[in-house]
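So the mapping is simple: the working numbering equals the position in the sequence shown, first residue as 1, plus 198.
In this text, a Cβ means the ideal position worked out from N, Cα and C, and glycines have one as well.
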Amino acid sequence: MKSSINFAFVLFAIGIMVLSGCSSQKTITRVDPGTTIDLSGDWNDTDSRLVAEEMIKDVLSRPWVGEFKGEKQKAPTVIVGTVRNRSSEHIATIPFTKNLERELINSGRVDFVANKEERQEVRDERADQQENASDETVKKFRREFGADFILQGDITTIIDQAEGEKVKYYQVNLELINIESNKKVWIGEKKIKKLISQGKTKF
């Protein structure tokens with residue numbers, strides 16, 4: 199009886215060792231943030247950055263900038279509104295809108311104001327200063343810069359799949375709208391198409 203228990207224990211120990219040997223090891227490698235890595239074929243950080251760069255370059259090259267400066271004698275003030283994800287996958291739109299904001303600000307061709315959520319936090323801080331800050335440093339109400347234009351849009355996808363291959367088509371649509379008149383002064387689109395091939399498993 200004792201020998202059979204010992205034999206079972208040995209088999210159990212061998213099984214644990216085999217399973218441990220078969221378990222995959224996690225490897226972590228640090229890479230440059232600018233490196234293009236496309237593992238799943240889904241929307242990723244590279245898509246977000248490149249689309250933002252190209253679309254902001256296009257919008258700032260159009261006549262509306264010069265026309266506004268000529269009429270108002272100042273740079274246009276722009277705000278980035280909502281970019282809606284209407285695709286078939288989860289897309290984090292906040293990093294994309296931040297990329298758009300960065301490209302607009304760094305261009306030096308437009309002024310820029312905070313978005314709705316950021317403005318509310320600043321207003322809360324300004325309200326708190328009315329009670330707690332010194333008279334010399336308190337910031338006044340009704341001194342905000344109003345935006346002249348709002349940039350907004352959406353991201354959509356079309357997927358075609360057959361026999362181990364998949365095509366993912368992304369289309370980003372952005373529109374720049376005059377806030378006072380509702381006039382659309384620019385409409386832009388950027389398309390991305392990815393072919394994803396799934397290799398067949400061989401036994």
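Separation of residue j from residue i, as counted between CA atoms
{"i": "isoleucine 394", "j": "alanine 290", "result": "21 Å"}
{"i": "phenylalanine 294", "j": "arginine 324", "result": "29 Å"}
{"i": "phenylalanine 401", "j": "arginine 247", "result": "Caution applies to phenylalanine 401, whose pLDDT of 43 falls short of 50 and renders its modelled position unreliable; the model cannot decide the point."}
{"i": "serine 259", "j": "serine 305", "result": "11 Å"}
{"i": "valine 336", "j": "glycine 279", "result": "29 Å"}
{"i": "asparagine 297", "j": "valine 383", "result": "21 Å"}
{"i": "glutamine 444", "j": "glutamate 301", "result": "Outside the shown range of the chain, which is 199 to 401, sits residue 444, and nothing can be said about it."}
{"i": "glycine 267", "j": "asparagine 283", "result": "According to the sequence shown, residue 267 is lysine rather than glycine. In a straight line, the C-alpha of lysine 267 is about 33 Å away from that of asparagine 283."}
{"i": "glutamine 327", "j": "glutamine 223", "result": "54 Å"}
{"i": "isoleucine 226", "j": "lysine 270", "result": "54 Å"}
{"i": "glutamate 361", "j": "proline 231", "result": "34 Å"}
{"i": "glutamate 251", "j": "valine 257", "result": "10 Å"}
{"i": "isoleucine 303", "j": "valine 263", "result": "14 Å"}
{"i": "isoleucine 235", "j": "arginine 228", "result": "12 Å"}
{"i": "proline 261", "j": "isoleucine 348", "result": "16 Å"}
{"i": "aspartate 142", "j": "alanine 331", "result": "With the chain represented from 199 up to 401, any question about residue 142 goes unanswered, as that position is not in the structure."}
{"i": "threonine 233", "j": "valine 281", "result": "25 Å"}
{"i": "glutamate 265", "j": "lysine 381", "result": "14 Å"}
{"i": "lysine 338", "j": "asparagine 313", "result": "19 Å"}
{"i": "glutamine 369", "j": "serine 238", "result": "18 Å"}
{"i": "glutamate 334", "j": "lysine 272", "result": "30 Å"}
Buried/exposed call for residue i, threshold 16 Cβ in 10 Å
{"i": "valine 320", "result": "exposed"}
{"i": "aspartate 367", "result": "In the sequence as presented, aspartate is not what sits at residue 367; that position holds tyrosine. Classification of tyrosine 367: exposed, given that the 10 Å Cβ count is below 16."}
{"i": "aspartate 358", "result": "exposed"}
{"i": "aspartate 346", "result": "buried"}
{"i": "serine 285", "result": "buried"}
{"i": "glutamate 378", "result": "exposed"}
{"i": "proline 274", "result": "buried"}
{"i": "glutamate 188", "result": "Outside the modelled stretch of the chain, which goes from 199 to 401, sits residue 188, for which no answer is possible."}
Residue i versus the options, residue with shortest Cα-Cα distance
{"i": "lysine 388", "options": "Lys224, Asp358, Lys255, Arg228", "result": "Lys255"}
{"i": "valine 308", "options": "Gln359, Phe343, Asn380, Asn330", "result": "Phe343"}
{"i": "glutamine 396", "options": "Leu372, Asn380, Lys364", "result": "Lys364"}
{"i": "arginine 317", "options": "Thr233, Arg340, Glu269, Val263", "result": "Arg340"}
{"i": "lysine 392", "options": "Ala360, Trp241, Glu334", "result": "Trp241"}
{"i": "glutamate 315", "options": "Ile292, Asn380, Thr233, Met253", "result": "Ile292"}
Distance CB(residue i)-CB(residue j) smaller than 9 Å
{"i": "threonine 244", "j": "glutamate 287", "result": "no"}
{"i": "isoleucine 390", "j": "glutamate 373", "result": "no"}
{"i": "lysine 249", "j": "isoleucine 277", "result": "As written in the sequence, residue 249 is valine, which differs from the lysine given in the question. No, the pair does not count as a contact, with Cβ atoms beyond the cut-off."}
{"i": "asparagine 376", "j": "aspartate 352", "result": "no"}
### Message
At 3 residues or longer, what runs of the beta strand (DSSP E) sit wholly inside the segment 258 to 293?
### Response
275 to 283
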